[in-house]
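Peer 1: Pasting a structure below so you can have a look.
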Amino acid sequence: MKRLSLVVFCLMIVVAVAPVVTPAPTQVQAQEDTLTVLCTPQEDWCVAMTQAFEEETGIETSYVRMSSGESLARIRATQDDPEFSVWWGGPADAFIAAYEEDLIEPYEPELASVLAPNAVGEDHSWHGVYVGALGFCSNVSFLEELGIDPPTSWDDLLDPALKSNVAMAHPATSGTAFTAFWTIVTLKADEFEAAEEGTGYDEDGMPTQEAIDAAFEYYSELHQNILQYTRSGAAPGQMAGTGEIAVAIIFSHDCVKLQVEGFEGVVVNTFPEEGTGYEIGGMALIKNAPEPEAAKMWIEWALTPEAQVIGQDVNSLQLPTNPDTPVSELSVNLSEVNLVDYNFVAAGMNRVEIVERFDAEIAPQPTE
Amino acid sequence: MNRLYPSRHIAEFRRIFQDPVLFIGLVLVVIFVLIAILSPIYAMVDESRTTEGRELFDRYLNSPVYRTIIVNTLRMGLIVAALGTALGFLIAYVQVKVDVPFKRLIHIVALIPIISPPFALATAVLILFGRNGMISQGWFGVRYDIYGLDGLSLVLTLSYFTVAYMNLKGMLQALDPALDEAATNLGASKWRIFRTVTVPMLIPGIAGSFLLLFVEAIADLGNPLVMGGNYEVLSTRIYVSIVGLYNTTAAAVLSVILLVPSLLVFIVQRYWISRTSVVSITGKPSGVSQQIRHPLVRWPLFAVVMFVVLFILLIYGTIFAGAFTKILNVNNELTLDHFDFVINGYGSEAMKDTTRLAAIATPLAGLLGMIIAFLVARKTFLGRNALDFATMLGIAVPGTILGIGYLLVFNQPNEITLPLVGTIEIIPKLTGGRAIFGGAGAIVLVYVVRSVPAALRSGVAALSQIDPAIEEASISLGADNFRTFMRITLPLIRPAFLSGLIYAFARSMTTISAIIFLTTSRTKIMTHQILNEVENGRYGNAFAYCVILIVIVLVAIGVLSIAVGTTSGAERTMEGGA
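Quick mapping for you: the protein sequence lines, in order, are chains A and B. According to this note's numbering, the residues represented by the first sequence are 82 to 449, in order. According to this note's numbering, the residues represented by the second sequence are 15 to 592, in order.
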């Protein structure tokens with residue numbers, strides 16, 4: 082009898098509480114004990130982040146790692162019934178594209194105010210979690226063999242001695258390579274603007290078609306020195322490390338990671354003096370997320386210094402966006418690097434056209 | 015009365031209906047083909063038929079750049095199919111017909127490449143023969159540019175020739191030595207026997223291998239990504255279209271273009287085989303095959319085969335060495351860190367998940383393959399060719415397309431609305447972490463779809479060597495179709511069944527492009543992890559994964575060989591008595 086009454090009592094509680102619990106969105110939080118993250122940076126960082134979040138909140142957190150192009154394609158294909166709640170990492174232009182397609186949901190975390198203005202997306206659709214600058218990652222002994230110094234200018238890469246000895250990723254699959262392309266667009270626009278006002282940028286501050294055409298000219302010249310366009314942005318660094326090529330155009334933190342993880346003394350990291358581009362790694366809530374409250378907790382947490390410092394443990398040495406985060410001494414000090422005035426919105430708007438044109442005009446060209 | 019049965023095919027249907035087991039088998043097979051193969055492909059083909067798709071067709075086919083890419087793809091496919099079939103035939107012939115030492119070693123080494131995890135061979139070949147290769151640069155001091163067609167041909171041939179080897183070896187062993195003996199007694203030389211007896215008997219196998227190698231080669235993605243250099247092929251274009259340009263229509267259009275040559279080869283092969291098929295009348299070889307001992311034949315063949323064997327060992331040795339060193343060719347310090355990562359680190363989940371799913375898919379694929387082979391080779395019903403064709407599509411379409419097709423079709427529950435009954439969910443949501451089994455259902459289905467064609471081809475090839483009279487005798491003696499299939503057909507084609515199972519398991523463990531879009535947070539797949547490790551430059555981890563993957567597959571081959579058995583009790587008795 083006692084047992085039966087206990088069951089009845091429990092049932093009554095369930096019946097009484099259930100209607101209150103289910104519809105109220107603020108209390109849904111208590112129900113969400115899982116979170117699924119779409120993670121774009123390196124896998125070991127994804128593991129470290131999800132484990133730390135799980136310890137912090139008790140929410141069982143799992144992830145899938147995909148490059149940013151794949152991520153966007155996956156989110157789009159599954160938009161009616163998304164499996165991921167939050168998307169963390171990868172260049173911001175993919176997030177800008179996702180927001181334009183209505184695939185992500187604006188959400189303003191408390192710490193948004195501490196971020197630099199360029200690390201906050203339109204309508205708080207995305208927020209920056211890390212920053213990294215492009216550099217040249219060179220194989221020291223290969224360069225010695227070729228008798229040239231590590232490149233310190235984009236024009237150094239055009240040296241005929243480097244024929245078939247340079248690698249970069251394909252801008253279509255790699256945010257890194259697209260950043261490299263847009264960097265040249267910006268540099269050409271600055272150059273034109275300095276020569277004659279109005280030729281580099283239009284009245285909206287967008288680089289002109291002439292600047293974009295000039296960037297294509299640069300890359301079709303550089304094409305003669307490119308051995309292969311890799312799929313992934315960081316892959317050319319590996320090729321430089323193993324001596325397949327002399328110079329890789331990659332993010333400088335990826336080059337530092339290579340040095341820390343076994344290629345110390347093999348590769349050297351240099352920057353173009355005239356200016357280099359940079360990426361802001363984004364983070365966003367996915368539209369119709371299955372676990373929206375847990376995802377919001379992740380977004381709040383990922384901007385805290387405690388979360389942003391985790392990358393250093395796994396040698397992911399991108400710079401944190403929260404200024405209160407301690408910076409690893411191994412990280413590249415961006416204040417010593419000449420950065421171009423990188424317009425993420427303009428880059429995002431021109432991305433599809435540039436990538437398709439690159440794919441059609443430059444990548445398939447034969448090299449002599 | 016004859017008018018009541020306007021066609022033989024319909025009459026055959028009646029016979030199938032009368033046999034419930036056969037009928038159920040046929041229905042299951044048709045449902046499988048419709049749901050798991052045709053609907054995702056249809057979803058993608060449909061995508062290419064939009065206005066935008068038609069414009070893209072025009073643009074691609076009129077662009078010199080894309081024409082070059084198409085020619086590149088075909089050239090690579092033909093080279094690899096020809097080299098791979100030739101190599102497979104050579105090793106199979108030497109293995110079965112020529113008296114050479116180290117046969118066991120040759121056999122094992124020839125099987126190893128089927129367990130080539132994506133990127134492993136290409137990465138190892140680059141380490142050895144790349145521009146800073148240990149052999150090309152280290153020994154010969156040349157900065158050899160292996161990127162492009164020559165490197166791809168080498169790596170793809172080595173990756174896929176095993177399919178040809180397994181098919182042809184099975185068929186060579188099934189050849190009745192009495193044929194050779196008869197030819198010898200009639201005064202034919204060994205060369206003449208080879209030319210007029212052995213090769214004609216093997217033509218279905220040779221053609222089947224050629225087809226499989228061709229479609230494998232033109233759809234391969236991992237190797238062109240790693241060492242394609244400036245040699246652009248369609249599969250990488252499709253990949254860039256989806257992954258980079260986010261353009262599924264362009265990918266669908268390019269896939270349809272890629273599909274055309276595969277289908278053409280398939281049709282030509284069928285036509286050719288049906289015209290030149292030679293059937294041996296006995297079911298099983300009786301007596302012991304006479305081996306070729308002539309020193310001028312034996313030793314040159316042995317030398318060539320051993321060169322190939324050593325080359326393969328060298329490449330796999332590189333993979334092993336890479337798994338145990340920090341960074342091979344840069345920092346050769348020995349370490350176990352990479353294995354620690356795979357076995358104890360976050361890599362372990364993928365290892366367990368992948369093995370489990372492949373183990374589920376393998377028997378399904380093997381049995382399905384044999385059932386379809388039986389239906390296709392032995393029954394003449396309406397739609398027989400269509401069934402064969404549709405099953406082969408599972409391997410003829412590029413994996414990426416299958417993956418995206420699955421997402422399009424199975425990311426929501428599929429329902430049908432019936433009058434009176436209302437809406438019923440016939441297939442639940444299969445893809446994504448929140449689907450049933452954490453998305454593993456779709457992955458198993460893809461594994462099966464990708465493996466069945468090989469099982470089907472080896473099954474058909476084996477069946478075409480066995481006279482149907484043996485089965486007819488069984489039926490005449492009162493056994494039904496099911497009993498005949500299980501007791502007569504399956505034991506006779508057991509080598510093909512075994513090779514189908516082994517292929518299915520190895521294929522499932524190593525497939526990448528088809529499942530790249532289907533891995534979920536709850537179902538991690540080894541090949542996808544290998545891709546991540548290669549991309550991030552942690553070659554050591556990738557190699558360690560490959561080593562463990564190879565060990566798992568080798569263990570599975572052992573288990574399968576014991577489970578299926580190479581000789582049954584009855585045959586042993588016969589051989590013992592002979």
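All C-beta atoms, glycine included, are put in the ideal place defined by N, C-alpha and C.
Report the residues of the region 314 to 336 of chain A with a CB closer than 7 Å to any CB of chain B, ordered along the chain.
Peer 2: The region 314 to 336 of chain A vs chain B, Cβ under 7 Å: Ala-315, Ala-316, Gly-318, Gln-319, Gly-322, Thr-323, Gly-324 and Glu-325.
Peer 1: Using only alpha-carbon positions, find the residue among B/Pro-427, B/Thr-431, B/Val-435 and B/Gly-455 that is nearest to B/Pro-442.
Peer 2: Within the second sequence, residue 442 of chain B is the residue found at index 428, counting from 1. Nearest C-alpha to B/Pro-442: B/Pro-427.
Peer 1: Show which residues of chain A have a CB atom less than 7 Å away from the CB atom of B/Asn-146.
Peer 2: Stepping through the second sequence from its first residue, residue 146 of chain B is reached at position 132. Near B/Asn-146 (Cβ distances below 7 Å), the residues of chain A are Thr-323, Gly-324 and Glu-325.
Peer 1: Between the region 462 to 473 of chain B and the region 382 to 394 of chain B, do three or more beta carbon pairs fall short of 8 Å?
Peer 2: At 8 Å Cβ cutoff, the stretches touch.
Peer 1: Using the Cβ count rule (16 or more neighbours within 10 Å means buried), how would you classify A/Asn-414?
Peer 2: The residue given as residue 414 of chain A occupies position 333 in the first sequence. A/Asn-414 comes out exposed.
Peer 1: Counting Cβ pairs closer than 8 Å, one from the region 564 to 577 of chain B and one from the region 142 to 149 of chain B, do we hit at least three?
Peer 2: Segments in contact, no.
Peer 1: Quick check on DSSP: helix, strand or coil for A/Gly-216?
Peer 2: Sequence index remark: in the first sequence, residue 216 of chain A carries index 135 (1-based). Of the three classes helix, strand and coil, the one that applies to A/Gly-216 here is strand, per DSSP.
Peer 1: With C-beta atoms as the reference, is B/Tyr-245 less than 8 Å away from B/Asn-86?
Peer 2: The residue given as residue 245 of chain B occupies position 231 in the second sequence. The residue given as residue 86 of chain B occupies position 72 in the second sequence. Yes, they are a contact pair.
Peer 1: To the nearest angstrom, report how far apart A/Val-101 and A/Ala-375 are at their CA atoms.
Peer 2: Residue numbering aside, residue 101 of chain A sits at position 20 when the first sequence is read from its first letter. Residue numbering aside, residue 375 of chain A sits at position 294 when the first sequence is read from its first letter. Residue confidence for A/Val-101 is low, a pLDDT of 37 falling below 50, so the modelled location carries little weight; the figure read from the coordinates is stated next. Approximately 20 Å between the Cα atoms of the pair.
Peer 1: Within a Cβ cutoff of 6 Å, which residues of the same chain sit near B/Val-282, ignoring the five residues on either side of it in sequence?
Peer 2: Residue mapping note: residue 282 of chain B aligns to position 268 of the second sequence, counting from 1. Result list for B/Val-282: empty, nothing under 6 Å.
Peer 1: Cβ atoms of B/Ser-223 and B/Leu-3: under 8 Å apart, would you say?
Peer 2: In the structure as shown, chain B begins at 15 and stops at 592. Residue 3 of chain B is therefore absent and cannot be evaluated.
Peer 1: Verify the CB distance criterion: does A/Thr-138 have a CB-CB separation below 8 Å to chain B?
Peer 2: As a position in the first sequence, residue 138 of chain A is number 57, starting the count at 1. Chain B, which has no Cβ nearer than 8 Å to the Cβ of A/Thr-138, makes this no.
Peer 1: Determine, using beta carbons only, whether B/Ser-167 comes closer than 8 Å to chain A.
Peer 2: For this step, residue 167 of chain B is matched to residue 153 along the second sequence. Cβ-Cβ to chain A under 8 Å: no for B/Ser-167.
Peer 1: Under 8 Å between the Cβ atoms of B/Ser-535 and A/Val-145?
Peer 2: Stepping through the second sequence from its first residue, residue 535 of chain B is reached at position 521. Stepping through the first sequence from its first residue, residue 145 of chain A is reached at position 64. In this structure, A/Val-145 lies closer than 8 Å to B/Ser-535 by Cβ.
Peer 1: Using only alpha-carbon positions, find the residue among B/Phe-388, B/Val-35, B/Phe-355 and B/Phe-208 that is nearest to B/Val-112.
Peer 2: Numbered from 1 along the second sequence, position 98 holds the residue referred to as residue 112 of chain B. Checking every option, the nearest Cα to that of B/Val-112 belongs to B/Phe-208.
Peer 1: Please identify the residue among B/Ser-255, B/Pro-275 and B/Ser-276 whose C-alpha is closest to the C-alpha of B/Ala-266.
Peer 2: By one-based count along the second sequence, residue 266 of chain B stands at place 252. Answer by Cα proximity: B/Ser-255.
Peer 1: How is the beta strand (DSSP E) around A/Tyr-359 delimited, first residue to last?
Peer 2: Residue numbering aside, residue 359 of chain A sits at position 278 when the first sequence is read from its first letter. 359 to 367 is the span of the beta strand (DSSP E), which, as asked, contains A/Tyr-359.
Peer 1: Distance check for B/Tyr-174 and A/Ala-296, CA to CA, integer angstroms please.
Peer 2: On the first sequence, residue 296 of chain A is found 215 positions in, with the first residue counted as 1. On the second sequence, residue 174 of chain B is found 160 positions in, with the first residue counted as 1. Each residue's alpha carbon lies about 42 Å from the other.
Peer 1: Cutting at 7 Å between CB atoms, please list the residues of its own chain near B/Leu-348, excluding the five before and the five after it.
Peer 2: In the second sequence, counting from the first residue as 1, residue 348 of chain B sits at position 334. Cβ within range, chain order: Phe-338 and Thr-339.
Peer 1: Select from A/Ser-313, A/Gln-340 and A/Asp-183 the residue whose C-alpha is nearest the C-alpha of A/Gly-150.
Peer 2: As a position in the first sequence, residue 150 of chain A is number 69, starting the count at 1. Closest by alpha carbon: A/Ser-313.
Peer 1: Taking 8 Å as the CB-CB cut-off, is A/Ser-166 touching chain B?
Peer 2: Walking along the first sequence from the start, residue 166 of chain A turns up at place 85. Chain B, which has no Cβ nearer than 8 Å to the Cβ of A/Ser-166, makes this no.
Peer 1: For A/Met-249, write down the residues that DSSP places opposite it in a beta bridge.
Peer 2: In the first sequence, residue 249 of chain A corresponds to position 168, counting from 1. Beta-bridge pairing links A/Met-249 to A/Tyr-310.
Peer 1: Using C-beta distances below 7 Å, list every residue in its chain close to A/Ala-200, excluding the 5 sequence neighbours before and after it, in chain order.
Peer 2: Counted from its first residue, the first sequence places residue 200 of chain A at position 119. Closer than 7 Å at Cβ, skipping near neighbours: His-208, Gly-209, Ile-361 and Thr-402.
Peer 1: Can you round the beta-carbon distance between B/Glu-429 and B/Ile-440 to whole angstroms, since I take them to be within the 8 Å contact cut?
Peer 2: Within the second sequence, numbered from 1, the residue matching residue 429 of chain B stands at position 415. Within the second sequence, numbered from 1, the residue matching residue 440 of chain B stands at position 426. The pair is a contact, with the Cβ atoms about 7 Å apart (cut-off 8 Å).
Peer 1: Once DSSP output is grouped into helix, strand and coil, what is the label at B/Lys-340?
Peer 2: The count along the second sequence starts at 1 and reaches residue 340 of chain B at position 326. Three-state DSSP puts B/Lys-340 in a strand.
Peer 1: Just the C-alpha distance for B/Pro-412 and B/Leu-272, rounded to the nearest angstrom, thanks.
Peer 2: Numbered from its first residue, the second sequence carries residue 412 of chain B at position 398. Numbered from its first residue, the second sequence carries residue 272 of chain B at position 258. Their backbone Cα atoms lie some 8 Å apart in a straight line.
Peer 1: Nearest by alpha-carbon distance to A/Asn-369: which of A/Val-221, A/Glu-137, A/Phe-165 and A/Glu-189 is it?
Peer 2: Position 288 of the first sequence, counted from the first residue, corresponds to residue 369 of chain A. Checking every option, the nearest Cα to that of A/Asn-369 belongs to A/Phe-165.
Peer 1: What are the residues in the region 62 to 88 of chain B lying within 9 Å of chain A by C-beta distance?
Peer 2: The region 62 to 88 of chain B vs chain A, Cβ under 9 Å: Ser-77, Val-79, Tyr-80, Thr-82 and Ile-83.
Peer 1: Check the Cβ of A/Val-347 against every Cβ in chain B and list those closer than 8 Å, keeping chain order.
Peer 2: As a working note, residue 347 of chain A is residue 266 in the first sequence. Near A/Val-347 (Cβ distances below 8 Å), the residues of chain B are Val-344.
Peer 1: Can you tell me where the beta strand (DSSP E) holding B/Asn-555 begins and where it ends?
Peer 2: The sequence position of residue 555 of chain B within the second sequence is 541, counting from 1. Where B/Asn-555 is concerned, there is no enclosing beta strand (DSSP E), although the alpha helix (DSSP H) it sits in stretches over 553 to 578.
Peer 1: Is the CB-CB distance between A/Gly-318 and A/Ile-331 below 8 Å?
Peer 2: Counted from its first residue, the first sequence places residue 318 of chain A at position 237. Counted from its first residue, the first sequence places residue 331 of chain A at position 250. Their beta carbons are under 8 Å apart, which means A/Gly-318 touches A/Ile-331 by this criterion.
Peer 1: Give the C-beta separation of B/Gly-593 and B/Ala-468 to the nearest angstrom, bearing in mind that I take them to be a contact with Cβ-Cβ under 8 Å.
Peer 2: What the structure shows of chain B is the stretch from 15 to 592, and residue 593 of chain B is not part of that stretch, so it cannot be assessed.
Peer 1: At the level of alpha carbons, what is the spacing between A/Ile-293 and A/Ser-416?
Peer 2: What you label residue 293 of chain A is simply residue 212 of the first sequence in a count that begins at 1. What you label residue 416 of chain A is simply residue 335 of the first sequence in a count that begins at 1. Each residue's Cα considered, the two are about 27 Å apart.
Peer 1: Going by CA-CA distance only, name the one from A/Gln-305, A/Glu-272 and A/Glu-302 that's closest to A/Thr-289.
Peer 2: Along the first sequence, read from residue 1 onward, the residue named residue 289 of chain A stands at position 208. The shortest Cα separation from A/Thr-289 among A/Gln-305, A/Glu-272 and A/Glu-302 belongs to A/Glu-272.
Peer 1: Would a check of beta-carbon distances place B/Val-254 closer than 8 Å to chain A?
Peer 2: Mapped onto the second sequence, residue 254 of chain B falls at position 240. For B/Val-254, the answer is yes, since a Cβ of chain A falls inside 8 Å of its Cβ.
Peer 1: Excluding the 5 residues flanking A/Phe-344 on each side, which residues of the same chain have their C-beta closer than 6 Å to its C-beta?
Peer 2: The residue you call residue 344 of chain A lines up with position 263 of the first sequence. So the qualifying residues of the chain are Gly-322.
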